Amino acid sequence: MMRPTPLPALLLCLLCLAPLAGCLEGARAEGEAGAAASDLVVRRGAFRERILLTGALAAERGEALTVPRTDTWQLQIRWLAEDGTRVKAGDRLVEFDNSSFASEIEEKRLAASEAESQLEQTEAQARTNAAEKEFALEQRRAELEKARVAAAVPKELVSLSDYQENQLALRRAESELAKAETDLAAHRKASTAEIAVQRIALERARREIRSAEEAISALTLTAPRNGIVLIAQHP
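Heads up: the sequence shown at position 63 corresponds to 54 in the working numbering, and the numbers run straight through without jumps.
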């Protein structure tokens, strides 16, 4: 004869085993979490909050750059630094077209070279002419001394015609000497004035070259100090 199985006791056992299994799993999870938490290290640091914003740069203290004054009404920009570029003092910012000034300065240099060559020729010619006139003056002085010696002979020792000829030669020699002295002085004065004029012309040509070079240099604008390039729109 078969004995009946106590069903309530079996159900109770199953119900008891289920909570027990849950308790074991919970204990295992808590153990693993505790082990993981023990590996973490906490350090003190500064709190940094990052905020992403959009906007435009505005100069708090800027340096205005203006177009240099030239004889040309309009200047074209050949190169321009990009907006927002960081630059150091002396860095190139803007470069204007200087082609017209470059061709002009070559003409001025050629004119200055010609003026310098002309001045050298004038000075050399003046020295040559002065040497010739000084030599002629020395000849006139020698002729005068010779005429004085002949004219100093008493008329009693020579014929009347020779005496008169000697006196006439003396006066002629004196006149020739005075003329030679006047000619040399006039040459020196004229050559000095001509050389002075040509020197002024040469200096003017050189000054124009320097002005043209300064104008070309002014067509390149550089940063007066360290900063950031901000290109403003003309109102």
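Ideal Cβ positions, reconstructed from N, Cα and C, are used throughout, including at glycine.
Every value quoted in this text rests on a predicted model; they were computed, and no experiment measured them.
**Asked** Is E86 helix, strand or coil when you go by DSSP?
**Response** Residue state, collapsed to three classes: strand.
**CB contact flag (V78, V220, <8 Å)** = yes
**Message:** Using DSSP's beta-bridge definition, name the partner residues of I219.
**Reply:** R77
**Closest Cα partner of A103 within the set A223, R201 and I222** = Scanning A223, R201 and I222 for the CA closest to the CA of A103 turns up R201.
**Request:** Give the straight-line distance between the Cα atoms of E73 and E54, rounded to the nearest whole angstrom.
**Result:** 16 Å
**Message:** Excluding the 5 residues flanking E167 on each side, which residues of the same chain have their C-beta closer than 6 Å to its C-beta?
**Reply:** R131
**Message:** Using DSSP's beta-bridge definition, name the partner residues of I200.
**Reply:** I200 pairs with nothing; no bridge assigned.
**Sequence-distant residues of its chain with Cβ nearer than 7 Å to D174 (five each side left out)** = Answer for D174: K124, listed in chain order.
**Simplified DSSP assignment, three categories, for I68** = strand
**Request:** Pull up the distance between the alpha-carbon of L212 and that of R34, whole angstroms please.
**Result:** Within the model, the alpha-carbon separation for L212 versus R34 is close to 52 Å.
**Asked** In terms of alpha-carbon separation, which member of V149, H178 and L151 lies closest to R118?
**Response** H178
**Item:** Cβ-Cβ distance between P215 and A80 below 8 Å
**Value:** yes
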